[in-house]
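Step one of this worksheet: look at the structure below.
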Amino acid sequence: MKKIPVTGVYFHYYTNGHAESINFLETENYIKKIPGVIILGNSNELPPIDKQLFIKKIQELHIERLVIAGYSPGMVKTFFTSAMLEAGQDAEKVLIAGFNEYGAIKKSDTELAKIILHFTIAGLSLDDISTYSKKPVNENTLVIGGGIAGIQASIEIANSKHKVYLLEQTGTIGGHMAMFDKTFPTLDCAACILTPKMVEVGQHPFIELMTYCEVIGVTGEHGDFKVKVLKKARRVDLADCIGCGICSEKCPAKTPSEFDAGTTLRKAIYIPFPQAVPNKYLIDAEHCIYVENGKCGVCVKVCPADAVILDQLDEEVEINVGNIVLATGFSTFDARRAENFGYGKLPNVLTSLEFERLVNASGPTEGNITFRTIDKKGNPIFTNDSKSPQSVALIHCIGSRDLTYNQYCSKVCCMYSLKLAHLVKEKLPDAEVYEYYIDMRAYGKGYEEFYERIKGEGVHIIRGRTAKIEQTNDKLLLRSEDIENNRLIEQLVDMAILSVGIEPRADSNSLAEMLEIVTDNYGWYIEENSILNTTNTNRPGITLAGVCQGPKDIPDTVVHASAAAAKVIQNIILQKTKKAIDKVMLSEIETTLKD
Amino acid sequence: MKEPKIGVYICWCGTNISHMVDVKAITEEIGDMPNIKVSRNYKYMCSDPGQDLIISDIKKHKLNRIVVAACSPRIHELTFRKAIENAGLNPYLFEMANIREQVSWVHTDIEAATEKAKSLVIAAISKVTHHEELERRTVDINPATLIIGGGITGMTAALDIAESGFKVYLIERDNKLGGVVSKVDLTFPYMSSAQQLIKSLINKVSNNKNIEVFFNTKIKEINGYVGNFETKLKLQKKARELKFGNMILATGLKPTDPESIHEIGYGRLPDVVTALEFEQMLIKGNIKTKAGKEPNNILIVHCVGSRNEKYNPYCSRTCCMTALKYSNQIRSALPKTSIYHAYSDMRAFGKGCEEFYSQTGRKNAVFLMYDQKNDIPTLRRAGKNDRCNIIAHMYEKLSGEDIEIPADIVILMISMEAHENVKQVAHAAGVSICSNGFFMEKHPKLDPIATTTDGVYIAGTCQSPKDIPDSVSQARAAAARILTSISVGKVEIELTTAVVNEDICGACHTCINVCPYSAISFDEEKKVSVVNEVICKGCGTCSSACPTGAISARHFTDKQILSQIEGLLAVSNKLSEKLEMEEV
Amino acid sequence: MEFQPTIVSFLCNWCSYSGADLAGTSRMKYAPNIRIIRVMCSGRVDPTFVLKAFSEGADGVLICGCHPGDCHYHEGNYKCLRRFLLLQKYISQMGINPNRLRLEWISASEGKQFAQLVDEMTEVLIQLGPNKFKEITQPA
Amino acid sequence: MSYRVNSEFKSDLKKFGIAEQWNECFHCGNCTAVCPLTENGFLFPRQGIRVMQMGLKEKLATYVDPWLCYYCGECSETCPREANPAELMMTLRRYLTSVYDWTGLSKKIYTSKWWEFGSIIIIALLIIVGFLIYLPLKSGADAMVNQSGSVMINSLVEGISAGQFVRIIEIGDWTMAIIVAALLISNILNMFYKVILSDNAVKVPFGTYFTEFWRLIYNFATQAKFSKCDDRNYWVGHLLLMTGYSIMFALVVIALPLFQIEEIVPWYNWQRLLGYYATFGILFFLIQVTIGRIKKQDTKLKFSHPSDWLFIIMLALTTITGILVHIFRLNGMVEATYYLYIAHLAVLVPMIVIEVPFSKWSHLAYRPFAVYFSRLKKAAVKKIEYQRELAPAI
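Chains as they are written, first to last, in numbering that gives the first Met the number 0: chain V, 0 to 594; chain Z, 0 to 583; chain E, 0 to 139; chain F, 0 to 393.
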């Protein structure tokens with residue numbers, strides 16, 4: 000082993016919002032024993048210590064190299080580089096060992112922290128560690144989630160002629176993207192670019208579609224996972240159903256349609272949307288009259304293909320896979336929580352997802368923007384019978400960038416709001432459209448240009464988030480500050496659209512527990528390394544794709560999913576499995592380092 | 000030739016087409032034309048049920064020609080070809096009429112749009128009547144990959160491919176690897192070390208036996224086609240020929256030259272530095288003015304050269320966060336220095352970024368908003384009593400005040416542009432460039448890493464500005480495609496190549512001279528031209544040059560196009576005849 | 000009714016056809032007089048295609064290709080340019096106003112330019128009036 | 000003129016405040032929009048945060064908006080960044096008090112506890128020592144009880160008659176009132192100079208000074224602005240305090256000979272009724288605010304500056320000693336009455352002398368004047384009229 004230069008180690012105790020920290024003292028004691036290492040101190044202050052005293056210390060102890068360890072210790076790095084420079088040493092020899100970067104966050108991760116620090120002192124990166132071992136990898140892959148991320152990852156993997164199980168919780172693949180009308184910034188319709196991909200998945204010889212299924216248990220390890228899948232009873236035979244829709248026509252039970260974000264009703268036997276893949280019906284047991292009280296069964300009688308099996312039961316199957324791709328996506332923020340905006344109480348306050356369905360040609364009104372009405376049974380729905388609004392307001396950042404709800408930025412709302420503003424203008428050219436924002440985050444390719452274009456279309460784009468919405472007579476009163484023009488606006492509009500942010504799915508934490516992977520404070524899955532590896536998780540063999548790792552727009556999701564697929568394909572080609580770093584014994588590392 | 004039995008399908012595309020084109024009227028009218036067996040319309044032809052409609056009709060009515068009038072063939076030609084193939088028909092007995100992008104979306108008069116759509120459908124019918132069956136052929140994929148650009152994107156892709164056991168040629172124009180990231184101190188928002196990261200990557204690349212790195216090298220010309228590309232490198236000692244199956248373009252970025260932005264005073268005022276120059280100060284731990292003093296005030300100007308028609312209309316995506324990173328770094332070394340940000344929208348959109356923004360605010364940074372479109376801050380040398388080096392003047396939008404900002408160092412967050420060699424690389428690799436100078440992707444949403452040329456992928460900042468994790472993701476995604484293609488080992492090749500009718504070839508050599516790919520050679524024995532169908536890309540230049548009509552471009556033959564023209568003008572001819580009759 | 004000319008247009012698959020598609024995706028509006036034929040390259044446009052169009056009653060013919068240097072097939076657009084110049088002379092000898100035939104470079108990002116071009120050419124052709132070539136070649 | 004930004008101003012301002020997350024603000028405009036008191040021309044608190052963040056001291060001196068805020072706390076409750084704008088408004092009020100005060104004492108009192116408590120203790124000691132030396136308790140004062148058994152309060156001092164005693168106290172009251180008023184008025188003039196005269200953007204039409212004057216009186220008397228806050232409980236408490244204390248002040252200073260009389264009038268006499276009303280009003284307020292400040296549940300009372308507690312303590316002591324004087328007197332406890340009387344004055348006088356011109360209590364004048372000045376500014380702005388083209392707003 001090469002003699003390492005005199006290395007000073009400084010611990011930055013600041014934990015950057017993490018509730019629990021690794022055992023710093025234990026790590027310090029471990030690291031002390033390495034020859035050439037001197038512990039220079041610790042603190043969680045900024046500036047960490049008195050600079051002049053520290054410079055003196057460097058000079059006295061002839062420190063040639065500094066390692067700063069802690070949670071994002073880069074935050075204080077410049078203090079140390081400048082101190083090294085002033086002490087007459089090479090400032091470029093300041094290294095940082097970020098525990099959180101490699102997943103050492105909790106007290107139980109102390110061993111990992113030791114490894115990270117030891118590696119940094121040895122002048123190596125943790126990525127250098129060879130923890131792969133040759134071991135057969137099952138060539139099958141499980142992709143959980145049938146949104147655009149899951150679809151993309153499945154197609155990539157299946158194109159390399161390896162089998163993919165694509166598992167989806169609902170009756171069809173497509174996810175949120177299938178619900179959208181147009182996509183920014185090119186305004187091509189989401190269905191036009193997504194449905195071919197869905198068809199491709201449906202027809203792909205290497206993809207086995209498992210819709211209406213859920214994962215209920217995972218055992219085994221990388222290369223050989225055994226996954227227990229619950230096949231929920233669809234109650235319509237996939238092979239027999241011809242998708243004629245007579246059953247749905249005759250079914251007497253109605254409930255709000257999930258695909259239409261509740262803007263209209265669907266039957267208890269239904270097809271999520273006309274372009275669904277598989278294009279077959281299913282029965283929603285919760286609302287089926289037969290399931291509830293044993294009477295009805297109209298669907299069975301009318302089905303020309305005898306495809307309806309009302310008494311079908313859930314079934315459990317087990318599949319063996321070598322890799323698992325998580326592409327579980329997101330759910331939208333529940334706008335009822337932000338009471339100031341009156342969603343749920345004021346009928347013409349919509350969420351962006353509802354509006355997305357409303358303007359969609361395949362939506363409840365064939366794309367006409369109308370007011371919400373109440374049907375005979377008291378369900379709030381949209382039909383073509385009501386009038387169109389003359390003025391529409393869009394409010395950004397609902398549930399995002401707000402400490403009361405979610406501090407993070409949902410990344411897509413600015414752009415989709417601009418798109419919705421455009422759609423309103425397209426459908427109702429005479430309507431006034433107001434858009435209230437905080438910062439306009441038009442960051443992607445062609446986005447800024449799109450923003451400029453929407454500005455040119457006569458949409459009033461106002462900096463200043465609306466604070467509250469109240470009903471006055473038949474209009475909505477919005478109160479906001481027009482920051483750039485120094486005035487207060489009390490705007491009356493007919494309709495308000497809340498640009499809701501995106502959140503991890505409600506079951507993201509329980510799924511994480513089942514898969515033994517970690518989530519952050521919000522519930523997004525944490526990647527192995529935030530810079531170089533945003534697709535791997537802490538558990539080898541489980542890969543992330545798309546929004547379940549953090550908010551993303553469609554292009555980023557697609558790229559992320561392909562990147563996840565790369566890891567899987569590489570793994571299958573190599574037939575090597577990886578050990579989790581925290582499962583590697585410290586002694587093993589030490590021997591590696593000695594080599 | 001069998002008697003044509005044609006099926007015509009007209010798509011509503013929701014309301015995208017049907018709101019401007021009377022789809023039903025066209026369907027009826029077409030139905031009465033000769034040879035038309037089926038004429039239908041449907042809400043979404045591209046959907047599963049839409050495709051099923053075609054498939055079942057082919058089986059039921061024994062159709063042998065299909066026309067779909069819908070969106071651009073660039074979107075769905077392949078989709079329908081596949082469907083037709085599934086029904087057992089040769090996929091090339093198919094033609095698309097583009098009545099969305101080129102009719103319903105661009106016209107405002109329903110009658111005229113319907114007329115135009117009808118003539119396009121009739122033209123497609125006339126053309127498809129002359130279509131011929133073409134058979135699929137495949138070629139083997141050379142497992143080696145060429146990657147242009149040795150920055151973080153190129154290296155990540157190289158490692159992903161090489162670690163899977165395949166050969167990678169990595170071309171770097173500079174004399175070392177690392178690209179822009181090697182000039183950066185820390186990354187945002189978790190402040191990990193870019194230096195450590197890039198050094199470890201360079202180590203891995205240099206130690207990987209499957210990666211061959213060529214320094215100081217530029218690519219002039221690339222020949223071949225997907226699976227079998229080749230290029231000649233002029234190295235210092237000797238020339239070298241490389242053969243490879245796929246390539247990734249990862250040529251990276253170039254910072255905008257801030258001297259062109261007069262107000263900002265770069266070059267005129269010594270303590271105005273660019274972001275990359277400031278990174279050097281950070282790496283060296285030496286945040287000092289040119290006069291060697293510790294700065295009391297630092298101003299960071301965002302959006303320099305971005306989001307402004309005069310320079311670059313687009314957002315450079317990373318500068319906001321980089322600026323916040325500087326703010327934190329300065330604060331850690333200089334606790335008392337005033338830090339001002341002149342920004343226009345704070346784009347902290349990534350994971351952990353909004354939190355980072357708030358954290359930066361807490362460390363006493365002052366955020367001042369300016370109008371990046373019309374009102375760039377003007378910088379001037381400070382007077383004697385100002386107690387600073389530079390004074391910046393600007394209109395602050397959030398307070399509505401004209402303000403002066405004292406500064407000792409001004410950091411310019413300059414925009415990212417595509418590297419100046421993109422044009423040359425684009426030409427060599429046969430890919431397009433978008434209006435902002437970046438490589439153009441195949442599809443901005445669903446395929447941002449592929450290009451219109453098979454086997455050529457783009458990744459990283461040469462596609463559009465992006466940060467390190469996004470560049471790395473693109474590199475991986477491109478690697479995924481290539482790994483797939485290598486592991487499958489074969490790729491289907493272009494079928495719409497040129498073909499010579501040996502009976503009438505006059506041996507004039509005209510086609511050989513015009514072919515840009517040298518795909519045509521002369522068979523001395525038979526005294527006719529011969530097309531190498533693997534090299535031929537089907538541009539058809541030879542066909543239009545051939546004096547005897549012996550060489551023709553498959554799928555775009557003279558006969559096909561001439562009858563397409565006839566069909567195209569049939570409607571207006573009928574119309575003008577009708578008008579004349581009325582006049583009479 | 001005002002005279003409405005018909006323009007037959009040959010667009011190369013890589014740049015100009017994409018440009019026309021871009022005009023569509025950007026919802027730019029232009030005159031409905033143009034009828035587009037997709038060819039792989041502007042170099043594929045055989046002079047007979049142009050003559051055929053005129054003889055079938057087209058009032059104008061528009062050929063669009065990639066900008067010089069951007070051709071997907073390296074130099075097909077140059078070859079097209081050479082043929083175009085000759086063809087313009089040729090049609091004027093046949094009594095067709097050479098302004099009825101145009102060659103323009105439209106890149107994949109120039110949707111706007113394409114829309115303007117169509118409007119402009121339509122305007123020019125309305126001024127020129129109907130093409131009489133068909134009546135000469137195919138007397139009723 | 001353009002202002003010079005200064006990031007260090009924040010640390011100066013910190014000394015006046017408690018919660019200091021103001022730099023968290025990312026200017027979404029929520030606070031201004033949620034506030035029921037904002038109007039065009041007075042877009043607080045966000046503009047205040049801005050001026051503070053940028054450290055525009057000169058601009059801040061012309062800024063009346065903090066006085067128009069009555070701290071309902073809704074902005075802080077709904078702030079997406081928890082930047083606590085309401086507390087900033089409070090802090091700015093303290094800061095502005097020190098800006099208006101030309102003596103410089105205000106700043107010292109607000110930013111240093113030594114000055115704050117020291118000044119009060121010195122004045123209290125002066126009162127106590129003065130009384131004990133110059134107005135000592137009469138020997139044999141035990142007899143100074145009238146027929147109904149209550150203490151004859153004006154006849155307790157050695158060597159002077161009851162009339163003379165009242166006269167001395169009255170002179171003392173008036174002296175105090177005049178000094179305090181002089182200081183306060185000069186500070187108000189200073190405020191007027193800073194807010195109206197030195198703001199170049201404002202040229203007030205002369206007539207407006209008169210036409211808008213009624214607002215000063217009206218707002219002083221009713222605190223109409225406060226009543227517009229969504230939670231009206233505190234307005235009630237505050238109004239009770241204000242009217243109660245004003246009545247007490249009037250009784251003690253203007254009507255002292257009529258109020259502080261030897262005989263005990265029946266409870267329904269006006270002096271006693273007014274006195275009881277005032278005591279009730281002050282006590283109501285004290286209880287409401289003390290509970291609130293201890294519980295820290297309402298945003299309004301979550302953050303307590305030393306000056307807030309000092310105000311409550313002094314007011315409570317004043318009230319308690321006043322009540323005790325009254326009780327002891329009724330029960331004929333002569334010595335207790337005398338010493339409590341001194342204690343009462345030793346609390347009351349420093350409180351008025353320090354709090355009214357220099358500290359928290361100065362807002363009794365600044366607030367109504369701010370409303371008045373804001374109207375003047377508004378009129379001026381109307382006259383200039385914004386040139387900018389604005390989108391239609393209703």
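Ideal Cβ placement from N, Cα and C applies to all residues, glycine included.
Ala249 of chain Z sits away from Ile210 of chain Z, with the two beta carbons spaced by 7 Å or more. Contact of Val136 of chain V with chain Z is not assigned, every C-beta pair being separated by 7 Å or more.
Cβ-Cβ separation between Val136 of chain V and Thr536 of chain V: approximately 17 Å, too far for a contact (criterion under 8 Å). Where Arg462 of chain V is concerned, the enclosing beta strand (DSSP E) starts and stops at 459-462. For Asp333 of chain V, there are no neighbours in chain Z by C-beta distance under 9 Å, as the nearest C-beta there is about 20 Å away. Judged by DSSP secondary structure, Lys253 of chain Z falls within the beta strand (DSSP E) whose first and last residues are 252-254.
Among the residues of chain V, those whose CB is under 8 Å from the CB of Glu354 of chain Z are Gly16, Gln406, Tyr407, following chain order. With a threshold of 16 other beta carbon atoms within 10 Å, Lys266 of chain V meets it and is buried. Of all residues in the segment 278-310 of chain Z, only Leu281, Ile282, Lys283, Gly284, Asn285, Ile286, Ser305, Arg306, Glu308 place a beta-carbon less than 9 Å from a beta-carbon of chain V. Contact annotation: the segment 305-313 of chain V does not touch the segment 200-218 of chain V, with fewer than three C-beta pairs closer than 8 Å. In the three-state DSSP reduction, Asn292 of chain V falls in the helix class (H, G or I). Beta-bridge partners of Ile380 of chain V (DSSP): V:Thr372. Secondary structure within the segment 161-202 of chain V: the alpha helix (DSSP H) runs of 4 or more consecutive residues, fully enclosed, are 189-202 (chain order).
One finds Ala122, Ile560, Gln563, Ile564, Leu567 in chain Z with Cβ atoms closer than 8 Å to the Cβ of Ile36 of chain E, taken in chain order. Residues of chain F whose Cβ lies closer than 8 Å to the Cβ of Ser479 of chain V are, in chain order, Gly28, Ala32. Per DSSP, the unbroken alpha helix (DSSP H) holding Trp66 of chain F starts and ends at 64-67. When the beta-carbon positions are compared, Ser528 of chain Z and Ile534 of chain Z stay at least 7 Å from each other. Contact between Asp374 of chain Z and Tyr394 of chain Z holds, with the beta-carbon distance rounding to 5 Å and staying under 8 Å. Ile54 of chain V and Val93 of chain V have their alpha carbons spaced roughly 14 Å apart. Rounded to the nearest whole angstrom, the C-alpha separation of Asn139 of chain V and Lys217 of chain Z is 41 Å.
No Cβ of chain F is located within less than 7 Å of the beta carbon of Val409 of chain Z. Around the Cβ of Met190 of chain Z, a 10 Å sphere holds 16 or more other Cβ atoms; the residue is buried. In the three-state reduction of the DSSP assignment, Asn141 of chain Z falls in the coil class, being assigned neither a helical nor a strand state. Taking the Cβ atoms as the reference, Gly13 of chain Z lies roughly 6 Å from Ser361 of chain V, within the contact range of under 8 Å. Non-local C-beta neighbours of Ala474 of chain Z in its own chain, meaning closer than 6 Å and more than five positions away in sequence, comprise Thr152, Thr155, Ala156, Ala458, ordered along the chain.
Straight-line measurement puts the Cα of Cys408 of chain V at about 10 Å from the Cα of Glu502 of chain V. For Ile282 of chain Z, same chain residues with a beta-carbon under 6 Å away, outside a window of 5 residues either side, are Asp184 in chain order.
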